[in-house]
Ligand code: GLV
Ligand code: MG
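Residue numbers (our numbering): 60 to 384.
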C-alpha cells in the first residue's frame, strides 16, 4: 500500500441509477416506488427550456413529499454555463436539501467547477443548519472533463461518484456516431490477410478508454465509477453487453434511462452466486495456505496468492452489501 490513504465515499448501492425527468410528476412517483438503487431527478437535458421552472418545482415537491425509502436520491442540476444552475442549487437545497442525498453536476470540465459548487452548497447548508452533507455525483461527458478527470475526482470531499455521459462525450469529442452508448460498426479490427485463412472483422468497444480512465480516476479517489446511458431501450442484450463490460472493468453500476433497464442493472452489477462461491473458496484456500506458511498455492489448477484474497474480498463484500441493502 502507498503511505497515502484516500477516504472512501459513503457506501451506497449504486447498481442502477434511474434517470427521471423533473418535468413529469407521474414518472417521479413511479421512480419513488420502483427498484432503482439511486434515482436522479433531472432538471437538465431531459427538460425543455420552457419547462425548467415548473420542473424545479416538481422536483422540490417530489423530494419532500414522496416516499423514497430504500433508495438514494439526487437532483441533476443544469450546467455551470447556464443561468438555470444557481436557482437549481439554491431553490432545491434550500427547500428540500435535508431530504436530498446528492446533487449531480453535469458536464464538469475542471476542478474549479466542483469547487464553486462546493462553496455554494456549503453556504446553503450552513444557513439552513442542515446536519447531513450533500454528496456530489459528477458526470464526465466532455473532452475537457476527461482531460481533467483526476483533478476533478479529488476536488471536493463531497465527491461520491463519477459517471460516464456517453452521449455528450461523443458530441464533445466529435465522435462519428449518433448512438447513445454501445458499439459502432465502424470501430473494429480486420484480421490480417493470411493465405488460406478467412479474414474476420471484429467489432471493438469504442468507449473502452473513456470508461477505463474513469474507473481509475474514481477508484484512486475512493469514488464509485458508474457507466451512463444506453439509448436503445428495446435492446436488452445490447444493454447487458455494455453493462457487463463496464462491470468487468470495475464500474459499480449503470444508468437506467427506462424503468425496464433497472432490474437488469441490479442483476448485472450483483456478483452471481457462482462468483461468490468461487471467491469464498479462494479466501478459504488462502487462509489455509497462510496457516501452513505459504504465500501462494494452486486452486483448481490456477495459482492464487495474497492479491487473490483482495480480489475475492471485493466480490464477497459487494455481495454482503447487497444483502444488507
Ligand atoms: C448523459 O448525460 C449523457 O450525455 O450521456
Ligand atoms: Mg449529458
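Here a beta-carbon is modelled for each residue, glycine too, at the ideal position from N, C-alpha and C.
For residue 200, no alpha helix (DSSP H) segment is defined, and its DSSP state is neither H nor E.
For residue 297, the enclosing alpha helix (DSSP H) starts and ends at 295-308. Counting only unbroken stretches of 3 or more residues, the beta strand (DSSP E) elements lying wholly within the stretch 141-170 are 161-164, in sequence order. Residue 217 sits in coil when the DSSP states are folded into three classes, being neither helix nor strand. Taken from the Cβ of residue 225, at least one heavy atom of the ligand GLV lies inside 8 Å.
If you draw a straight line from the Cα of residue 199 to the Cα of residue 269, it comes to about 9 Å. Within the DSSP bridge table, the entry for residue 120 names no partner. Spatial neighbours of residue 130 in its own chain (CB-CB distance under 7 Å, excluding positions within 5 residues in sequence) are listed in chain order as 95, 96, 97 and 98. Cα atoms of residue 362 and residue 107: separation of roughly 56 Å, rounded to the nearest angstrom.
About 6 Å separates the beta carbons of residue 227 and residue 166, which is inside the 8 Å limit, making them a contact pair.
Distances taken from the Cβ of residue 228 to the heavy atoms of the ligand GLV include one shorter than 8 Å.
If you draw a straight line from the Cα of residue 318 to the Cα of residue 77, it comes to about 7 Å.
No heavy atom of the ligand MG is found nearer than 8 Å to the CB of residue 140. Residue 183 has its Cβ no nearer than 8 Å to any heavy atom of the ligand MG.
The shortest CA-to-CA distance from residue 60 to any of 378, 248, 366 and 384 is the one to 366.
Excluding sequence positions up to five before and after residue 231, its CB lies within less than 6 Å of the CB of 201 and 202, all in the same chain and listed in chain order. Residue 79 carries a strand assignment under DSSP once its states are collapsed to helix, strand and coil.
The ligand MG approaches residue 165 closely enough that one of its heavy atoms is under 8 Å from the residue's Cβ. With a threshold of 8 Å, the Cβ atom of residue 284 does not count as near the ligand GLV, since no heavy atom of the ligand is closer than that. Comparing C-alpha distances from residue 332 to each of 299, 377 and 300 shows the shortest one belongs to 377.
Between the ligand GLV and the CB of residue 200, the shortest heavy atom gap is smaller than 8 Å. Approximately 5 Å separates the beta-carbon atoms of residue 284 and residue 310; this is inside 8 Å, confirming the contact. Taking all protein chains shown into account, residue 313 has 16 or more neighbouring C-beta atoms within 10 Å of its C-beta and is therefore buried. The beta-bridge partner set that DSSP reports for residue 285 consists of 222 and 312. Sorting 122, 112 and 371 by C-alpha distance to the C-alpha of residue 100 places 122 at the top. The ligand GLV has no heavy atom closer than 8 Å to the beta-carbon of residue 216.
For residue 357, the enclosing beta strand (DSSP E) has its first and last residue at 355-358. Judged by the Cβ position, residue 110 fails to qualify as a neighbour of the ligand MG at the 8 Å threshold, every heavy atom of the ligand being at least this far.
For the ligand GLV, no non-hydrogen atom lies closer than 8 Å to the CB of residue 292. With contacts defined as CB atoms closer than 9 Å, residue 243 and residue 236 qualify as a contacting pair.
For residue 131, the enclosing beta strand (DSSP E) starts and ends at 131-135.
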